[in-house]
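Numbering (the working numbering), first residue to last: 233 to 337. C-beta: ideal position from N, C-alpha, C; glycine also.
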Amino acid sequence: MSKKTSRGRRTRPQRHKVNPLMGNYIIPTEHAVKRYQERIRMMNMRKTQNAIIEGVRHSRLIALTKYGDREIRENRGIVFVCEMQGNQLYVITVLVSQVDLRFVI
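Next comes the structure, spelled out in C-alpha cells:
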C-alpha cells in the first residue's frame, strides 16, 4: 500500500507547548500532604506527594497574592496555594474549590 500525500500543501512545524514551571522544583510541604489526604483522597505519603506534584504541574495560575510570592493555582477543582522561593515552588496547602471555575473566567 502506498501512502497518499497531499501535493502543494506545506505542513506547519509543530510547536511544543512550553511549561512555565519547567526548571522549577515543586515541593509539597507536610501540611499540604496532610490536607490532600484529608480533603481529596487518602493515600500513602509518596503517592500523595506525586499526586500533588502532578496536579500543580497541570494546573493553571488563577491569582497572585500581595503577601509574599504566593500564587494560587487550580486543576480540576483542586486549588493549590504555592510559594516561590528561588527556583523552588513550595505547595503550602490544598483546598477544594466549591465554585465551578468554567463560569468564572
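Item                                                                                                                         : Value
CB contact flag (Val311, Val328, <9 Å)                                                                                       : yes
Short Cβ contact (9 Å threshold) for Leu296 with Arg289                                                                      : no
Three-state secondary structure assigned by DSSP to Gln317                                                                   : strand
As assigned by DSSP and simplified to three states, the class of Thr243                                                      : coil
Cβ shell of Gly287 (< 7 Å), same chain only, five flanking positions each side left out                                      : Asn307, Ile310, Phe312
Cross-strand partners of Asn307 (DSSP beta bridge)                                                                           : Ile310
Beta-carbon contacts of Tyr281 that lie in its chain and below 8 Å, excluding the five residues immediately before and after : Checking the sequence, you will find Gln at residue 281 rather than Tyr. For Gln281, where only same-chain residues beyond five positions count, the Cβ hits under 8 Å are Pro260, Val265.
Span of the beta strand (DSSP E), counted from its first residue to its last, around Tyr268                                  : Where Tyr268 is concerned, there is no enclosing beta strand (DSSP E), although the alpha helix (DSSP H) it sits in stretches over 262–271.
Boundaries (first-last residue) of the alpha helix (DSSP H) holding Gln330                                                   : That residue, Gln330, is in no alpha helix (DSSP H); it is neither H nor E in DSSP.
Residues sharing a beta bridge with Ile338, DSSP                                                                             : Nothing about residue 338 can be reported from this structure: the residues present for the chain run from 233 to 337 only.
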